[in-house]
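In what follows, a structure is listed as structure tokens, so that the remarks can point back to it.
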Amino acid sequence: MPPEPEKRVTWAELFFDLVFVFAVTQVSALLHHDHSWAGVGRALIVFVPVWWAWVGTTIHANRHDVDTPYDTIGIFTVGLGSLGLALALPGAYADRGLLFGGSYLFLRLVLAVLVFRDWRGMTLNSFSVGAFVTGPLLLLGGLAHGTPRIVLWALAATTDLVTPRLLRSRLAVVRFDAAHLPERFGLFLIIALGESLVQVGAVAAAGPLSVGRLAATVAAYALACSLWWVYFVFAARAVRYAMEVAQIHAEVIRPVFSYGHLLFICGIIGVAVGLSETVGAPGRHLGWGPAGLLVGGCALYLATFGYTRYRMFGAISWTRLS
């Protein structure tokens, strides 16, 4: 019996990703305006639902044929909800909270329809929790103001994060396409790296191109290339291999994809904000906030590389980290 052909990323999925280019830009803008620990926490709280919207859609696309008109329109509809999330991000803690919460609930309900098809076949999993627990929490937070909104949204983000861990036994028997997921998550990482270059380029082009600014831009580009190298030379093939040999796919997907790549993207966003501040004023002393985001983002990225390596193979590649 010939082996089944590998599942390839569809054009609809790639088009869907364009919304998240905008979303990553919006999260970066939040950090530009507030470099404090509280600002980082608020940015993380709203980025987790954005990330989980993308992860949920990607998992659905991995398990089903999404080339049908029904699923393609469904993915586009989820993209519309994700666009609402992205539009709401700059004012999520001000006057756009209801748009943020409502958009998430909307896209989660659409995803639930795509996954379950028939509501009588609904089971307890991340899709049903997102539609009927996390989504309503975000909507309630959007109706609240100040600290209650932050608390409700933090609870929603925590629910999204812990659900795969709490329901891990239900995923133990589910098989996923071993080629599709590494490609999809690698593409999202490319999106984040590309957005960081867009930020740096926009800041560099907004002022006079002095020698210092050009040098800072070149250094920023070199750092982005280094981050690309760490992942796509040392990690990408290893991730696919881990999926191919894993007896339980969920034991790779949960720590490496869902959690590990969230940390990768957070590290890149921090680096992007720090680099854009550096390029904007190359001769000025970098403040603690931007410097912390730049150095901390790099450290988080490398630490995540070590963490994912350990979760896949039970060992950390110290030579590659060095």
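For what it's worth, my numbering labels the leading residue of the sequence shown as 875, then goes sequentially.
Where a beta carbon is used, it is the ideal one built from N, C-alpha and C, also for glycine.
If you're wondering where the values come from, they're calculated on a predicted model, not measured in any experiment.
Alpha-carbon spacing of residue i relative to residue j, whole angstroms
{"i": "D945", "j": "W1162", "result": "47 Å"}
{"i": "G1148", "j": "Y1181", "result": "23 Å"}
{"i": "A1124", "j": "A1076", "result": "40 Å"}
{"i": "L1160", "j": "G965", "result": "27 Å"}
{"i": "A1177", "j": "G1171", "result": "10 Å"}
{"i": "F896", "j": "Y1115", "result": "31 Å"}
{"i": "F894", "j": "L1088", "result": "29 Å"}
{"i": "L963", "j": "P923", "result": "11 Å"}
{"i": "A968", "j": "M1117", "result": "42 Å"}
{"i": "I933", "j": "L954", "result": "18 Å"}
{"i": "E887", "j": "V1107", "result": "24 Å"}
{"i": "F950", "j": "L981", "result": "10 Å"}
{"i": "S1000", "j": "A1080", "result": "43 Å"}
{"i": "S902", "j": "I1142", "result": "10 Å"}
{"i": "Q892", "j": "T931", "result": "The question names Gln, but residue 892 is Leu in the sequence shown. The straight-line gap from Cα to Cα measures roughly 14 Å."}
{"i": "V1104", "j": "F1179", "result": "8 Å"}
{"i": "I1064", "j": "E880", "result": "21 Å"}
{"i": "L973", "j": "A1090", "result": "38 Å"}
{"i": "L1209", "j": "R1049", "result": "Not covered by the structure: residue 1209. The range shown for the chain is 875 to 1196."}
{"i": "L1055", "j": "A1165", "result": "33 Å"}
Endpoints, the alpha helix (DSSP H) within which residue i is located
{"i": "T884", "result": "T884 -> no alpha helix (DSSP H), and no H or E assigned at all."}
{"i": "H1123", "result": "It is not in any alpha helix (DSSP H) - H1123 carries neither H nor E in the DSSP assignment."}
{"i": "N999", "result": "From DSSP, N999 is part of no alpha helix (DSSP H); its letter is neither H nor E."}
{"i": "Y1181", "result": "1162-1187"}
{"i": "G1015", "result": "1009-1017"}
{"i": "T942", "result": "Neither: T942 is in no alpha helix (DSSP H) and is coded neither H nor E."}
{"i": "G1141", "result": "1135-1154"}
{"i": "V1130", "result": "Per DSSP, V1130 belongs to no alpha helix (DSSP H) and is neither H nor E."}
{"i": "F974", "result": "971-990"}
{"i": "Y1095", "result": "1085-1108"}
{"i": "G1020", "result": "From DSSP, G1020 is part of no alpha helix (DSSP H); its letter is neither H nor E."}
{"i": "P1056", "result": "1054-1079"}
Buried or exposed by the 16-neighbour rule on C-beta atoms within 10 Å, applied to residue i
{"i": "P876", "result": "Since pLDDT at P876 reaches only 46, below the 50 mark, its modelled position is unreliable, and the value read off the structure follows with that caveat. It is exposed - the Cβ of P876 has fewer than 16 other Cβ atoms within 10 Å."}
{"i": "I947", "result": "exposed"}
{"i": "W928", "result": "buried"}
{"i": "R1200", "result": "The structure shown does not extend to residue 1200, since the chain is modelled only from 875 to 1196, so the question has no answer here."}
{"i": "V1036", "result": "exposed"}
{"i": "Q1073", "result": "buried"}
{"i": "E1151", "result": "buried"}
{"i": "R1023", "result": "buried"}
{"i": "A1031", "result": "buried"}
{"i": "Y1175", "result": "buried"}
{"i": "A912", "result": "exposed"}
{"i": "R1039", "result": "exposed"}
{"i": "G1020", "result": "exposed"}
{"i": "D1034", "result": "buried"}
{"i": "S1100", "result": "exposed"}
{"i": "R916", "result": "buried"}
{"i": "V952", "result": "buried"}
{"i": "Y1184", "result": "exposed"}
Cβ neighbours of residue i in the same chain (closer than 7 Å, five flanking residues each side left out)
{"i": "A1098", "result": "L1067, S1070, L1071"}
{"i": "L1057", "result": "Reading off the sequence, residue 1057 comes out as Glu, not Leu. The residues are V883."}
{"i": "W1102", "result": "L1067"}
{"i": "L988", "result": "H934, D945, G948"}
Own chain residues within Cβ distance below 8 Å of residue i, not counting five before or after
{"i": "M996", "result": "A986, F990, S1002"}
{"i": "A1018", "result": "G971, L1026"}
{"i": "D939", "result": "D945"}
{"i": "D941", "result": "T884, A886"}
{"i": "F1187", "result": "A1112, A1116"}
Cut-off 6 Å between Cβ atoms - residues of its own chain near residue i, not counting five sequence neighbours on either side
{"i": "I1139", "result": "A1066"}
{"i": "L1136", "result": "W925"}
{"i": "A1005", "result": "R982, L983, A986"}
{"i": "A1028", "result": "I919"}
{"i": "I1122", "result": "A1046"}
{"i": "G975", "result": "L1012, L1013, G1015, G1016"}
Proximity test, Cβ basis, 9 Å: residue i and chain E
{"i": "L1137", "result": "Included in the structure is just one protein chain, with no chain E present."}
Any non-hydrogen atom of the ligand NAD within 8 Å of residue i CB
{"i": "R1114", "result": "The ligand content of the structure shown is nil, which means the ligand NAD is not present either."}
**Asked** Which runs of the alpha helix (DSSP H) spanning at least 4 residues fall entirely within the stretch 1023-1048, listed in chain order?
**Response** The qualifying runs are 1042-1045.
**Message:** Threshold first: 4 residues or longer. Then list the alpha helix (DSSP H) segments lying entirely within the stretch 886-966, N to C.
**Reply:** DSSP runs (the alpha helix (DSSP H)) wholly in the stretch 886-966: 911-937, 943-962.
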